[in-house]
Amino acid sequence: MRIYGLLGEHLGHSFSPQIHKIIGGYDYGLFERSPEQLDAFLRSDEFDAINVTIPYKKAVIPYCAELSPQAKAIGSVNTIVRREDGTLYGDNTDYYGILYTIRHSGVDIAGKKCVVFGDGGVAPTVRTVLRDLNAGEIVTVSRKGENNFTNLERHYDAQVVINATPVGMYPNNGVSVAPLEHFDRLEAAFDLVYNPHKTEFLRQAEEKGAVAENGLRMLVAQAKRGSEIFQGTTIDDDVIEPIRESMEKQSMNVALIGMAGCGKTTTGTALARMLGRKFIDCDDLIPEYAGGKSIQQIFAEDGEDAFRKIETAVLRDVSKESGLVIATGGGVVTRPENLPLLRQNSVTVLLHRPIEDLPTDGRPMSQLHGKAALYEKRKPLYESWGEVRIECCGVDATAQAIREALGL
48 MRIYGLLGEH LGHSFSPQIH KIIGGYDYGL FERSPEQLDA FLRSDEFDAI
98 NVTIPYKKAV IPYCAELSPQ AKAIGSVNTI VRREDGTLYG DNTDYYGILY
148 TIRHSGVDIA GKKCVVFGDG GVAPTVRTVL RDLNAGEIVT VSRKGENNFT
198 NLERHYDAQV VINATPVGMY PNNGVSVAPL EHFDRLEAAF DLVYNPHKTE
248 FLRQAEEKGA VAENGLRMLV AQAKRGSEIF QGTTIDDDVI EPIRESMEKQ
298 SMNVALIGMA GCGKTTTGTA LARMLGRKFI DCDDLIPEYA GGKSIQQIFA
348 EDGEDAFRKI ETAVLRDVSK ESGLVIATGG GVVTRPENLP LLRQNSVTVL
398 LHRPIEDLPT DGRPMSQLHG KAALYEKRKP LYESWGEVRI ECCGVDATAQ
448 AIREALGL
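Convert by adding 47 to the 1-based position in the sequence shown; the result is the number in the working numbering.
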């Protein structure tokens with residue numbers, strides 16, 4: 048049996064094993080190796096064919112007896128195959144993945160000024176694709192280059208920006224490789240990161256009204272091409288989109304929002320059981336973040352503002368994860384900074400239950416302000432934050448309705 052896998056330094060949340068299993072029907076391992084272990088691994092017989100990711104796309108080149116014309120021209124290898132004589136052959140499928148992603152986005156690169164952030168392993172491939180698409184000026188912005196983050200204003204006229212760095216990748220969510228607020232001609236942003244689904248870089252691009260694409264489509268497309276090389280076969284491009292959609296649905300959290308007492312905990316528990324996912328109730332974690340204080344104690348001793356800050360800290364950590372069912376607190380919508388935390392990796396589902404059916408026991412805000420008044424105040428926020436609205440109709444029935452609405 049041939050041994051396939053992915054070589055990199057940190058691989059804990061890679062989607063590649065699932066993708067290759069779907070495409071080729073074979074097992075695909077994760078070869079997590081430190082720089083000190085790289086030489087021994089590449090000289091071993093532990094693999095027959097591998098993909099290569101950060102930070103080894105250039106480091107593996109000296110170990111290859113031969114490179115494909117494309118890999119040689121780009122100066123980057125992300126696919127290695129052991130030939131019959133035992134020597135290693137290096138290729139580059141990132142080119143195919145990036146090209147496919149840009150073409151699928153519908154963005155016309157021709158003549159456009161493009162800024163590539165980063166000059167690491169995948170950046171040369173990005174630049175090659177842009178040149179082949181007849182881009183106008185192509186600028187590489189890096190920490191130490193002529194064009195760097197201290198003179199970014201030179202390039203605020205860029206129409207296309209691409210993040211070719213791991214900045215913003217899990218678990219370091221919520222940061223962008225560069226601020227995009229002054230890129231007033233921006234038409235499109237591509238981030239090669241795919242976890243989280245919506246990086247801060249892409250969120251800022253969307254605020255500018257630009258097309259925003261993450262790296263999941265690229266990952267699936269390059270995996271398709273890699274599988275062809277592994278197996279010496281041809282696979283139709285039609286497999287790419289269904290796999291991407293499936294991976295997106297599996298990895299996206301389902302975050303439940305709505306008034307306290309609407310059934311987020313019970314419905315979330317039932318939905319997680321149906322989907323075989325982990326369920327997290329954010330309220331359950333608040334005492335841990337508050338040094339052991341209960342929610343009631345926090346409100347009584349420290350006030351609502353202190354509680355909301357703790358709630359945000361919990362949400363910041365929980366929403367980094369993938370494939371969860373999450374129940375949020377009823378007031379999560381009152382802090383604007385919570386929305387990008389949710390949207391980075393979750394689809395938000397608004398649960399609605401008639402006000403007269405909402406209990407108030409153990410719910411400080413409902414008791415303090417009255418549930419009807421509280422709902423009227425929050426209603427516009429619930430409706431704008433909720434991407435899907437579900438009427439509560441019994442725990443299991445509501446969970447099933449969510450599952451059907453999201454196609455899970």
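Idealized CB from N, CA, C, for every residue including glycine.
L322 to L455, Cα distance in whole Å?
-> Rounded to whole angstroms, the gap between the alpha carbons of L322 and L455 is 8 Å.
So, is S81 buried or exposed, given that buried needs 16 or more other C-beta atoms within 10 angstroms?
-> Taking every protein chain shown into account, the CB of S81 has fewer than 16 other CB atoms within 10 angstroms, so this residue is exposed.
Rank E430, F62, I156 and L85 by C-alpha distance to the C-alpha of G55 and give the top, closest one.
-> Put simply, of E430, F62, I156 and L85 the residue whose alpha carbon is nearest the alpha carbon of G55 is L85.
Where the beta strand (DSSP E) containing D238 begins and where it ends = First-last of the beta strand (DSSP E) with D238: A235 to D238.
So, helix, strand or coil for Y110, using DSSP?
-> Assigned with DSSP and collapsed to three states, Y110 falls in helix.
Based on the DSSP secondary-structure assignment, which residues constitute the bridge partners of F326?
-> Answer by DSSP bridge pairing, in chain order: V372.
Are the beta-carbon atoms belonging to G133 and K105 less than 8 Å from one another?
-> No; because the gap between Cβ atoms is not below 8 Å, this pair is not in contact.
Verify whether the separation of the beta carbon atoms of V380 and I304 is less than 8 Å.
-> In this structure, I304 lies closer than 8 Å to V380 by Cβ.
CB contact flag (T148, F237, <8 Å) | In contact: T148 and F237 (Cβ atoms closer than 8 Å).
Limits of the unbroken beta strand (DSSP E) element including R129 | That run of the beta strand (DSSP E) goes T126 to R129.
Counterpart residues of Y217 in DSSP-defined beta bridges = According to DSSP, which records beta bridges pairwise, Y217 is partnered with nothing at all.
Please list, in chain order, all residues of the same chain as A118 whose beta carbon is under 7 Å from its beta carbon, the five residues on each side excluded.
-> If we look at A118 and ignore the five residues flanking it on each side, its Cβ neighbours are V124, G137, D138 and N139.
Would DSSP call T316 helix, strand or coil?
-> Reduced to three states, the DSSP call for T316 is helix.
Is E368 buried or exposed, if buried means 16 or more other CB atoms sit within 10 Å of its CB?
-> Buried, since its Cβ has 16 or more Cβ neighbours within 10 Å.
For Y203, name the three-state secondary structure that DSSP assigns.
-> Three-state result, Y203: coil.
R178 (DSSP reduced to helix, strand or coil) = Three-state result, R178: helix.
List the endpoints of the continuous beta strand (DSSP E) containing H399.
-> Boundaries of the beta strand (DSSP E) around H399: S393 to H399.
Check whether I373 and A257 have beta carbons under 8 Å apart = No, the pair does not count as a contact, with Cβ atoms beyond the cut-off.
Residue burial classification, N198 (beta-carbon count within 10 angstroms, cutoff 16) | Its Cβ having fewer than 16 others within 10 Å, N198 is exposed.
Could you please give the first and the last residue of the uninterrupted alpha helix (DSSP H) stretch that includes R49?
-> Note, R49: premise wrong, no alpha helix (DSSP H); not H, not E.
Cα-Cα separation between V396 and R450, rounded to whole angstroms = For V396 and R450, the distance between alpha carbons rounds to 11 Å.
Are L146 and V186 touching if we call contact CB-CB under 8 Å?
-> No, the pair does not count as a contact, with Cβ atoms beyond the cut-off.
Could you work out which residue in A157, G168, D155 and C161 is closest to D141 when comparing CA atoms only?
-> By alpha-carbon distance to D141, the top candidate from A157, G168, D155 and C161 is G168.
Helix, strand or coil at Y136 according to DSSP, with G and I counted as helix = Note: Y136 maps to strand in three-state DSSP.
Look at the Cβ atom of L453, then the Cβ atom of V435, and state whether they are nearer than 8 Å.
-> L453 places its beta carbon less than 8 Å from that of V435.
Paired residues, beta bridge with L77 - DSSP | Checking the DSSP bridge columns, you'll see L77 partnered with L53.
Comparing alpha-carbon positions, which option in F164, Q65, A252 and F346 lies nearest K191?
-> Looking at the Cα atoms, F164 is the closest of the given residues.
Whole runs of the beta strand (DSSP E) within the region 219 to 300, excluding any shorter than 3 residues = Entirely contained in the region 219 to 300, the beta strand (DSSP E) runs reaching 3 residues are, in chain order, 235 to 238 and 258 to 260.
Should M299 be labelled buried (16 or more other beta-carbon atoms within 10 Å of its own) or exposed?
-> Buried, because 16 or more other Cβ atoms sit within 10 Å of the Cβ of M299.
Touching by the beta-carbon criterion (3+ pairs, under 8 Å), the region 266 to 278 and the region 62 to 82 | Taking a cut-off of 8 Å for Cβ pairs, the region 266 to 278 and the region 62 to 82 touch, as three or more such pairs fall below it.
First through last residue of the beta strand (DSSP E) which encompasses F346 = F346 -> not in any beta strand (DSSP E); alpha helix (DSSP H) instead, spanning I342 to E348.
Shortest alpha-carbon distance to A457 belongs to which of G144, R178, H151 and V173?
-> Residue 457 lies beyond the range of the chain shown here (48 to 455); nothing can be said about it.
Nonlocal neighbours in the same chain, by C-beta distance under 7 Å from R324, ignoring five residues either side = The beta carbon of R324 lies closer than 7 Å to those of G370, L371 and V372 in the same chain, with the five residues before and after it left out.
How many Å lie between I290 and N181 at the Cα?
-> CA-CA distance, I290 to N181, rounds to 29 Å.
Between the Cα of L239 and the Cα atoms of A446, D404 and S223, which residue gives the shortest distance?
-> Just measuring C-alpha positions, the residue of A446, D404 and S223 sitting nearest L239 is S223.
In whole angstroms, what separates the C-alpha of L405 from that of G59?
-> Roughly 41 Å between the two C-alpha positions.
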